[in-house]
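In the UniProt record's numbering, the protein residues as written are 1 to 307.
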């Protein structure tokens, strides 16, 4: 952009770390952010991400926190901002057609589209044993994650990465993807690549109950579940005699087999294991019982009492 060109105006829907980082990219790229639409920071939520509101306050950017993305008031405010472009960076609400008609809109999604469309893409990728994921900037349509792809950046998922660790990589990938494509996006020359919806799949949101372990499954699947929901997520859990045991840290125990032990929690040589359906085990280095850390000796005593 030359000194005689008028900066592009944008309305940005943003939340979470990706919202903060991508909003910073727009500002660094000379975009006039006329309005940010975000969510109130909740003190009762397990917040382990940065605050979009704090960034707006620091940068003097007008922001609003509407409860309903379909409200006529929000539509009027977005129209009044007269944006050339709109962006959605991990905003939690779907944008209705009336909003999408205001200006060309682009969404940052935490996967390599068309893979893992929908909610919690990083968690689903880890759960399914994917070895690569990334971030995709795409055109927004009424159908979620269905528009043409504008930019992508991939990151590896290492064998022992948790979803939290992978999300840190995806956050950087989102920033890089937006930074690289922003000049051409502002110039109107950004590519539009096909988002082939015959590939990949759509996934819904996850709840803490989805972390329940089925020890009959192969060890790799159980381990993937642990990695997908490990803290700061609620964690993979199992229940015994009304007590909920949550795995905090674990590793796949190589080629060690469970020596014909029944599937479930076990203590061997003062170490905690999770025996799985294929006879392989998880080595559990940190376990809680109803929220309190439990030692191998304590668990062994409880298992003996329940036998």
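Glycine included, every Cβ here is placed at the ideal spot set by N, Cα and C.
Quick caveat: nothing in here was measured; it's all calculated off a predicted structure.
Item	Value
Enclosing beta strand (DSSP E) for residue 213 [first to last residue]	Counting along the chain, residue 213 falls outside any beta strand (DSSP E), and DSSP gives it neither H nor E.
Status (buried if at least 16 other CB within 10 Å, exposed otherwise) for residue 188	exposed
Cβ-Cβ separation, residue 150 to residue 308 (assumed contact under 8 Å), whole Å	Lying before the first or after the last residue shown, residue 308 is absent from the chain, which here runs from 1 to 307.
Residues of its chain near residue 96, where Cβ-Cβ distance is below 6 Å and the 5 sequence neighbours each way are ignored	70
Three-state class that DSSP yields for residue 31 in the structure shown	coil
Three-state secondary structure assigned by DSSP to residue 165	helix
Cβ pair count under 8 Å reaching 3, the segment 7 to 26 against the segment 79 to 88	yes
Rounded distance between the beta-carbons of residue 109 and residue 145, thought under 8 Å	5 Å
Distance between residue 305 and residue 49 (C-alpha atoms, nearest Å)	42 Å
Euclidean distance between Cα positions of residue 243 and residue 211	15 Å
Integer-rounded CB distance, given that residue 164 should sit under 8 Å from residue 230	7 Å
For residue 156, the residue or residues it bridges with in DSSP	132
First through last residue of the beta strand (DSSP E) which encompasses residue 267	264 to 268
Inter-stretch contact at 8 Å, needing at least 3 Cβ pairs: the segment 213 to 230 / the segment 256 to 275	yes
Rounded separation between residue 76 and residue 15 - CA only	21 Å
Residues that DSSP places opposite residue 239 in a beta bridge	244
Beta carbon of residue 107 nearer than 7 Å to that of residue 153	no
Residue 308 to residue 226 span [Cα, whole Å]	Residue 308 cannot be examined here, being either before or after the span of the chain that is shown, 1 to 307.
Simplified DSSP state of residue 92, which is helix, strand or coil	coil
Residue of 120, 40, 112, 222 minimising C-alpha distance to residue 65	40
Cutoff 8 Å; reference residue 78; Cβ partners in own chain excluding five residues on either side	11, 35, 37, 86, 99, 102
For residue 192: DSSP bridge partner residues	Beta-bridge pairing links residue 192 to no other residue.
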